[in-house]
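Residue numbers (our numbering), protein chains in the order written: chain A, 3 to 235; chain B, 230 to 1018; chain C, 1019 to 1097; chain D, 1019 to 1097.
We put the beta carbon where it would ideally sit given N, CA and C, even for glycine.
Here the structure is a predicted model, which means the values were calculated and not measured.
Down below is the structure, laid out as structure tokens.
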Amino acid sequence: MRFAILQFPASNCDQDCLHAVRLLGHQADYVWHKATSLGDADAVVIPGGFSYGDYLRCGAIARFSPVMQAVQRFADEGGLVLGICNGFQILCEAGLLPGALIRNRSLQFRCEQVFLKTAAHDAPFTEAIPPDHVLRIPIAHGEGCYFADEPTLAALETHRQILWQYCDAGGAVTEAANPNGSLRNIAGICNQARNVAGLMPHPDRASETLLGSADGRRIFESMAQCWARRRAA
Amino acid sequence: MSEPAITPALVAQHGLTPEEYDRLQAILGRPPSYTELGIFSVMWSEHCSYKNTRPLLRTFPTRGRSVLVGAGEENAGILDIGDGLAIAFKIESHNHPSAVEPFQGAATGVGGIIRDIFTMGARPVCAMDSLRFGPITGSSADEARLANNRRLFAGVVSGVAHYGNCFGIPTLAGEVGFDPSYEGNPLVNVFCLGVLRHEQIARGAAQGLGNPVFYVGPATGRDGLAGAAFASQDLTEASAQHQRGAVQVGDPFMEKLVCEACLELLATGAVAGMQDMGAAGLTCSTCETAARAGTGIEIELSKVPQRAPHMTPYEIMLSESQERMLVIVHQGREEEVKRIFDKWDLPWAEIGVVTGTGRMVVKHQGRVVADIPAKPIATESPVYEREAREPGYLAGVRAFTLAGLPDTTDPTAALLHLLAWPTIASKNWVYRQYDHMVRDGSVVCPGSDAAVIRLKADALPPRPAAGTETGGAPPTVEKFLALTVDCNGTYVYLDPYEGSKIAVTEAARNLACSGATPVGVTDNLNFGNPHHPELFWQLRESVRGLAEACRAFQTPVTGGNCSLYNQSPAGAIDPTPTIAMVGVIARPEHITTQWFKDPGDVILLLGPAVDPADPLGGLGGSAYLQVLHGQKTGRPPRCELDQGRTLHEALRSLIYGGAVKSAHDCSDGGLAVALAECCISHQVARETPRLIGAAIELGADGSGTVAAPNPPRLDALLFGETQHRVLITTTALDAPKVRAQAKILGVTATELGVVGGDQLRLRAQGQEWRWSVVELHDRWWHALARAMA
Amino acid sequence: MKAKITITPKRAVLDPQGKTVQNALAHLGYTEVGAVRVGKYLELELADGDREAARRRLAEACHRFLSNPVIEDYRLELE
Amino acid sequence: MKAKITITPKRAVLDPQGKTVQNALAHLGYTEVGAVRVGKYLELELADGDREAARRRLAEACHRFLSNPVIEDYRLELE
Ligand SMILES: Nc1ncnc2c1ncn2[C@@H]1O[C@H](COP(=O)(O)OP(=O)(O)O)[C@@H](O)[C@H]1O
Ligand SMILES: [Mg+2]
């Protein structure tokens, strides 16, 4: 399978995503933000970082880049798109995902390991995650507090679009486990069509036991599994 | 444009002495223009010329088998780490700017040191920060002062975070200390390390007659006018006020673009020389590149992009606007340069040319405003042997004995107290604000004795041939480096020579605990005004200790920074020679962390429990004496370098043997604090520490009695800071073997107890104390957050 | 011509920054200050010309780019 | 009573945010926009009372705490 890893001028997890995907034996190539096509990619990863310095609002400038127009088309055709951290912010800004990510409740940047509960296992990003398996994945963001208005949140729940929630080691979704103030402890969501997802934690940084956790692999593996099934069908 | 006349007063204002002015005239053969005066004043400031420290710095060991670029040759030293790979690293201070504007001061400090590293052709892969502030906790009577110290602390930390996080460099380790001597003059030292292949080393030299000189980066403004000179004076209200008008603002986004573009450009081979515009901006970079190459350089200031209208030549030359680079390009390859700068949407301009005259010629709209021989100004700056006199306070320090000091009666409370003391408490409030994991290399994150980073192929700069996007190279060997930064300023204050040896030894010990062999050092000498004989004595003695210790551990000094004039009107700071040390870990299996691993593991102390030859039993200058008795005095613990070397080598052997499950050195707070940290420092995830207790028996071990201090004092045993001690754990099965081996290696290994339970239990001299690990953790982990709430 | 744009968090959006400023002010003795909201302020230089056209274009820029309508309101003034 | 405070980076100080927004606007086709400065905007609720006293107190708060006089200017309006 072939992943396109987008590169904005100040992406800084582009290498991490490439590394994580290649570790799993897949192909991965960078696609520059000025590119107007994604080539023959089977899936797109929008990596973390600061895209254009994240001035004004995170992801606000990146969403207008030429490559994002290509991503929009790719997503409209059902292609798998995963936004990680800044990638999640860009997807929200671009309207490919609902809601917005605002300043952490603490007003501080937070870098630490968190636990994640997978709230829906029937998405292309979660299907390879064993039920009841609490994921341990790091976060690193200053603006990761998920916000959406009530009707949007209700719709997210109705359509089972909430994919991951911050939880404690035992899988309980608690206030203390919420690192940034996200509504409903939301760490990641997908769109209604389920082919576009974003999350604040970094699966790319949790792809090797050497770095403390390999739980992040499950997310990339889910995408590969879904893609292989679709192709077989 | 009328320029001020050169008067003795103006010369003095520029920090030049009458003798220096005479020398300047001799070099020029005439009186200087106003712009030239400005150029000389910054080039001959302490910050740029090291005029007060050069004779001392010469005593450092700077050579070694692995040194590829030595101290002082270029922007940063470079060490070979095998397999054709090399590392460039350096530390730099931004103390005075941070005192004036903590957020931007710290942020631009990070930016500056990152530039020093990629200027060498290396890709910056990690950073560390060493910080000092006035106290943030204490009596409410001092609330206004405490609040100001907290403001500085919070501002500096968020400045480091802002810049490092956005740039995308993991800030992987550091240290933070609090002491009244830093009030009003905080220390902000930042370290950066980069990686490159041997053949990728770039030089900051203006080579090749006729080669064009490019300026890349944002437009020049009036920021940081004469910042180098500012760093070379005492911090007074007047000097700070003056500097306020010209605070530098950092733009990490721009820096990221400049870094990527420069590395990509270097890969094309089109670059003849490259130099960042750091302190003294355009002045320093043009002058030094010409001096290094033995060439001349001519620039036209009207071509320099300018942010503010009507900037004078003086201002343009002295501005310290951030994120700018000077690039000298092989003639005929200008198009490649323009293509890459444009790809990264970077502002650039061609501003001059390399000449063969040996002179630095600066023109403004065609008119010559400065014409100076480059080499003399860069290399013939004055050098001073300052007067040194032993400080008077040392007599009192040396006279201190424990005679009048009652032994501890409540170790339970004392330990809790020490763990919550901001200097000892967990620094998670700091490092959780830093992205310390970006770029998939952080194997040991902040929180253990040394951080460990893995270098993989994509940590390297792009290859010459590939030239295109990054990450193209096939994976080469993985490398593991350990990093630490250390200095106990109290020890150095109480005994500059001994305290400085301790700083180096502690760094080496921290590396050994992680399984690493040290390869090199970069130091940041933070001292007071060198014109003051007692302060200069501190500096001289300190350098003597540092040099000796670096020799002992075979860690050449590859570069560093001198920050003198660290004093507020209240006096000088405690002398603080910050030592950043880098080590190599041969195999990933050797990577060792400080926390206890499994119940049943045996705890061994390597080294003496208390130094029998120290009449203060390690309590001189200790945290215990400061926190529990309010005294900052006494001779610091002795530091026998041989003993340290033996310990570190033994520890590494034991680690290589595979028997060591954890290793933690005893430093601030002594044995009791070290034991507690082993129980509570393993963090699993948010709100989820992995706590584990231990049962310890001091002094009743059958095989090797813990030497009792003489007279036997409990406080010395528990909280004394005797040097050369490390706590390790092994399985019960391995313990006898490890003890036997340690003996052969020349180190005493005493069995102290076993890991397990939910309490730290400590027995000594017939008494027992217990702490719940939950409580220990709570005090230690949340102390800074509580102080800052 | 100059445009001044203020961007404020919508009422429903939590504004931890506002809350923090309010607490800090109270701490410093400014207890007369009630709720605080913290937003952004932009000042744009514009070539002189048709005010109405300029306003229309800027309103569009505010809506598309300068503010995020999910979380923010904006106010635009030309002077 | 309500106070509105705008805080802007001083003229001499670099404003990377403003510069980036300006570039982005140009990219999006808003080439009529020249220099952009990005600052902060605060809205404070105040108990009704003596306006002049309130203004004095707030000016002091702006200077001491709400703005950073080293790099920022502020403007205070009461309404
Ligand atoms: N400013 C900081 N930035 C990043 N990490 C820090 C900082 N201060 C302390 N740390 C980390 O916290 C841990 C404990 O620091 P310290 O008490 O100085 O250790 P030691 O006594 O072993 O040198 C180390 O891992 C250190 O790197
Ligand atoms: Mg240590």
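Among the residues of the stretch 1034-1049 of chain C, those with a Cβ less than 9 angstroms away from any Cβ of chain A are PRO1034, GLN1035, THR1038, in the order of the chain. In the DSSP secondary-structure assignment, LEU84/A is bridged to VAL47/A, ALA199/A. With a cut-off of 8 angstroms on Cβ pairs, the stretch 1024-1031 of chain C is in contact with the stretch 1085-1096 of chain C, counting three or more such pairs.
The C-alpha of ILE957/B is placed about 7 angstroms away from the C-alpha of VAL889/B. Within its own chain, the residues whose Cβ lies closer than 6 angstroms to the Cβ of TRP998/B, once the five positions on either side in sequence are excluded, are PRO640, THR641, LEU991, listed in chain order. Closer than 7 angstroms to the CB of PHE90/A there is not a single CB belonging to chain D. Counting other Cβ atoms within 10 Å of its Cβ, LYS730/B reaches 16 or more and is therefore classed as buried. Counting every other CB atom within 10 Å of its CB across the protein chains shown gives HIS665/B a total of 16 or more, marking it as buried.
From the listed residues ILE316/B, GLU265/B, ALA1014/B, the smallest Cα separation to VAL597/B is found for GLU265/B. Beta-bridge pairing by DSSP links SER671/B to ILE682/B.
The C-beta distance from PHE10/A to TYR54/A rounds to 6 angstroms, short enough to meet the 8 angstroms contact threshold. A Cβ of chain C is located within less than 7 angstroms of the beta carbon of ARG107/A. Relative to the Cα of GLY446/B, the nearest Cα in the group THR960/B, ASP669/B, GLU489/B belongs to GLU489/B.
In the three-state DSSP reduction, ASN755/B falls in the strand class (E or B). Taking a Cβ-Cβ cut-off of 9 angstroms, the neighbours of VAL1054/D in chain C comprise LEU1060, GLU1061, LEU1062, GLU1063, given in sequence order. Contacts between LEU201/A and chain B, judged by CB atoms closer than 9 angstroms, are missing: the closest CB pair is about 16 angstroms apart. Residues of chain C whose Cβ lies closer than 8 angstroms to the Cβ of PHE149/A are, in chain order, VAL1031, LEU1032, VAL1088, ILE1089.
Ligand 1 never approaches GLU275/B closely enough for any of its heavy atoms to be under 6 angstroms from the residue's Cβ. Look at PRO538/B here: in three-state DSSP terms it is coil, with no helix or strand label. At least one heavy atom of ligand 1 lies less than 6 angstroms from the C-beta of ASN739/B. ALA1079/C has a beta carbon lying within less than 7 angstroms of a beta carbon in chain D.
With a threshold of 7 angstroms between beta carbons, ALA96/A makes no contact with chain C. GLY413/B and PRO798/B have their C-alpha atoms roughly 9 angstroms apart. Per the C-alpha coordinates, the member of GLY267/B, ALA241/B, PHE269/B, LEU285/B positioned closest to CYS791/B is LEU285/B.
Using a 10 angstroms sphere on the CB of LYS1020/C, the tally of other CB atoms stays under 16, which defines it as exposed. Closest by C-alpha distance to VAL33/A, out of ALA142/A, ALA179/A, SER67/A, is SER67/A.
The beta carbon of ARG75/A sits no closer than 7 angstroms to any beta carbon of chain C. Within chain B, no residue has its beta carbon less than 9 angstroms from that of ALA157/A; the closest one is some 28 angstroms off.
In summary, the residues of the stretch 56-68 of chain A whose CB is separated from some CB of chain D by less than 7 angstroms are TYR57, LEU58, ILE63, PHE66, in the order they occur in the chain.
A direct Cα-Cα distance of roughly 6 angstroms separates VAL442/B from GLU579/B. Residue contact with chain B for ASN14/A: present (Cβ-Cβ distance below 7 angstroms to some residue of chain B). In chain order, THR1038, ALA1042 make up the part of chain D whose C-beta sits under 8 angstroms from the C-beta of TYR54/A. The beta carbon of TYR279/B sits closer than 7 angstroms to the beta carbons of LEU286, CYS791 from its chain, once the five residues preceding and following it are set aside; these are given in chain order. In chain order, THR288, PHE289 place their CB closer than 6 angstroms to the CB of ALA776/B, counting only its own chain and leaving out the 5 sequence neighbours on each side. Taking 7 angstroms as the cut-off, the Cβ atoms of VAL673/B and VAL405/B do not count as close.
Look at VAL198/A: its C-beta is not under 7 angstroms from any C-beta on chain B.
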